[in-house]
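K.L.:
Be aware that the sequence shown starts at 416, since it is given in my numbering, and climbs by one per residue. So that we are looking at the same thing, I have put the structure below in structure tokens.
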Amino acid sequence: MPRNPEHRTRPRREVAYRVTIEGESAASISCRLIDISETGVRIEVNEGVAVSQRFVLRLSSMANHGRYCETVWRTKEELGARFLETTSETGRTP
416 MPRNPEHRTR PRREVAYRVT IEGESAASIS CRLIDISETG VRIEVNEGVA
466 VSQRFVLRLS SMANHGRYCE TVWRTKEELG ARFLETTSET GRTP
């Protein structure tokens, strides 16, 4: 059986959505969602923009609800994050 070179457990779906992420400082950062799966996302961010290790992903800056995420990897212009499923992982509710 061929191995998955990216170590993914779930297939990702390519998208091109403008999204907002809110870090621990509560500052909103506009970025682009590149792909999404059941377990996480890949996001394009501007080079040099600081993103908290944990953040809330919102599909709109007007959205009342979001998904809590944790950064798994980061390059200059992209980051990969996993969804945090329980409030025990985040300590709060989205």
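Using N, Cα and C, we set each Cβ at its ideal position, and we do this for glycine too. Computed from a predicted model, the values in this text were never measured in an experiment.
Kindly indicate the opening and closing residues of the beta strand (DSSP E) around residue 455.
P.N.:
Residue numbering aside, residue 455 sits at position 40 when the sequence shown is read from its first letter. Where residue 455 is concerned, the enclosing beta strand (DSSP E) stretches over 455 to 459.
K.L.:
In its own chain, which residues sit with a C-beta less than 6 Å from the C-beta of residue 467, not counting the 5 before and 5 after it?
P.N.:
Counted from its first residue, the sequence shown places residue 467 at position 52. Closer than 6 Å at the Cβ level, and outside the excluded window around residue 467, lie 438, 439.
K.L.:
Taking Cβ positions, are residue 445 and residue 427 nearer each other than 8 Å?
P.N.:
Residue mapping note: residue 445 aligns to position 30 of the sequence shown, counting from 1. Residue mapping note: residue 427 aligns to position 12 of the sequence shown, counting from 1. Not in contact: residue 445 and residue 427 (Cβ atoms no closer than 8 Å).
K.L.:
Name the residue from 475, 498, 436 whose alpha carbon lies nearest to the alpha carbon of residue 459.
P.N.:
For the purposes of this step, residue 459 is taken as the residue at position 44 of the sequence shown. Nearest of 475, 498, 436 to residue 459, Cα basis: 436.
K.L.:
Would residue 494 pass as a contact of residue 481 if the rule is Cβ separation under 8 Å?
P.N.:
Indexing the sequence shown from 1 puts residue 494 at position 79. Indexing the sequence shown from 1 puts residue 481 at position 66. Against a cut-off of 8 Å, the Cβ pair of residue 481 and residue 494 comes out as no contact.
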